[in-house]
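The opening position of the sequence shown corresponds to residue 11 in our numbering, with each subsequent residue numbered one higher. One structure is given here, and the rest of the page talks about it.
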Amino acid sequence: METHPRKGMLIMETPWTHEIPEPSSCAGIWRRIASLPGELLVFLILIAAMNLHLLGIGTGHPWIYLPDAVHSGEWWRLVTHPFVHVSWYHLALDAGAFWLLYKNLDEKRAFRKLLIAIVCGGAGLLGAVLFSADIAKTGLCGLSGTAHGLMAYAGLEMTLPRRSRRVGLVTFLLVFVKSVYEAATGTVVFDFMHMGLCGSPLAICHLGGVIGGVVAFGFTLLKIPGRIELSGTSMVHPCKLPKHNIAQRVYETRRCRQ
């Protein structure tokens, strides 16, 4: 409120505000989901569909990997079993790790990223089938084997730029040593903390996933022309690189040929 300078009148000040209506949170969530890359959208749909039993709808049994069922012709279990989880805790732990690792790989080409995930998951399944007698009784589900493989791949991926080489090496060694220990003892590290909410984990599938990650990294590094485009990595002519840095020389040489 103020006084008019000439007439001594009181004038009420009423601030004028215009509130822009915010879009509903649901609409924002749907837009973010719709903007996901194609393969991540498929993963999200599969994760939602394969875990309806956590909401009390149906059961996850028709989707988990069971050797006898697959031999009987139920081949879809090969595709669906990684996306099934036994509890909300199991889902958050495995699917959360898988989502973050997959989404943040330096490899940006969708087909190659999908191939990397398939190799990691397939190697984890193969390890369990070959070396775990319990798989016939308990079956196999969950994304932990694939997530271990992606972590191994991500660690090796970080060893290419010099600035992150040490972190990448430590990351890879941690997941590798952890997986070897679990395979040797048959016990998952920190299993006592899960309180049975992850079912009966088959530890060998973690090492299988790590081996799959190593194989996928070696394949993409040495066999595919036009290796990954590393974010923030400056291009250097391969002839100017140190002779001992063979991996980087191969990487840059293939980039120059594109």
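C-beta: ideal position from N, C-alpha, C; glycine also.
Subject >> Coarse secondary structure for residue 150, derived from DSSP in three states >> reply: If you number the sequence shown from 1, residue 150 lands on position 140. It is a strand residue.
So the alpha helix (DSSP H) residue 118 belongs to, where does it begin and stop?
As a working note, residue 118 is residue 108 in the sequence shown. It is not in any alpha helix (DSSP H) - residue 118 carries neither H nor E in the DSSP assignment.
To the nearest angstrom, report how far apart residue 214 and residue 151 are at their CA atoms. Locating residue 214 in the sequence shown gives position 204, where the first residue counts as 1. Locating residue 151 in the sequence shown gives position 141, where the first residue counts as 1. Whole-angstrom Cα-Cα distance: 13 Å.
Applying the 10 Å Cβ sphere with the 16-neighbour rule, what's the burial state of residue 114? The residue labelled residue 114 in the question sits at position 104 within the sequence shown. Result: exposed.
Is it true that the CB of residue 128 sits closer than 8 Å to the CB of residue 163? Walking along the sequence shown from the start, residue 163 turns up at place 153. Walking along the sequence shown from the start, residue 128 turns up at place 118. When the beta-carbon positions are compared, residue 163 and residue 128 stay at least 8 Å from each other.
For this session: Leaving out five residues on either side along the sequence, give the residues of the same chain with a beta carbon under 7 Å from the beta carbon of residue 185.
Result: As a working note, residue 185 is residue 175 in the sequence shown. 158, 161, 162, 165, 220.
*asked:* Going by DSSP, what residue range makes up the alpha helix (DSSP H) through residue 47?
replied: The residue you call residue 47 lines up with position 37 of the sequence shown. Element bounds for residue 47: n/a, residue is neither H nor E.
message = Considering only DSSP beta bridges, list what residue 75 is partnered with.
response = As a first step, residue 75 must be located in the sequence shown, where it is residue number 65. In the DSSP output, where bridge partners are listed per residue, residue 75 has 150.
Q. Should residue 175 and residue 169 be called a contact, given that it needs their Cβ atoms to be closer than 8 Å?
A. Taking the sequence shown and counting its residues from 1, the one referred to as residue 175 is at position 165. Taking the sequence shown and counting its residues from 1, the one referred to as residue 169 is at position 159. Yes, Cβ-Cβ distance for residue 175 and residue 169 is below 8 Å.
Under 8 Å between C-beta atoms of residue 77 and residue 177: Stepping through the sequence shown from its first residue, residue 77 is reached at position 67. Stepping through the sequence shown from its first residue, residue 177 is reached at position 167. No; because the gap between Cβ atoms is not below 8 Å, this pair is not in contact.
- Distance, Cα to Cα, residue 47 vs residue 133? Position 37 of the sequence shown, counted from the start, is the residue given in the question as residue 47. Position 123 of the sequence shown, counted from the start, is the residue given in the question as residue 133. Whole-angstrom Cα-Cα distance: 25 Å.
Exposed unless 16 or more other CB atoms sit within 10 angstroms - verdict on residue 91: What you label residue 91 is simply residue 81 of the sequence shown in a count that begins at 1. Counting Cβ neighbours within 10 Å, residue 91 comes out buried, since at least 16 surround it.
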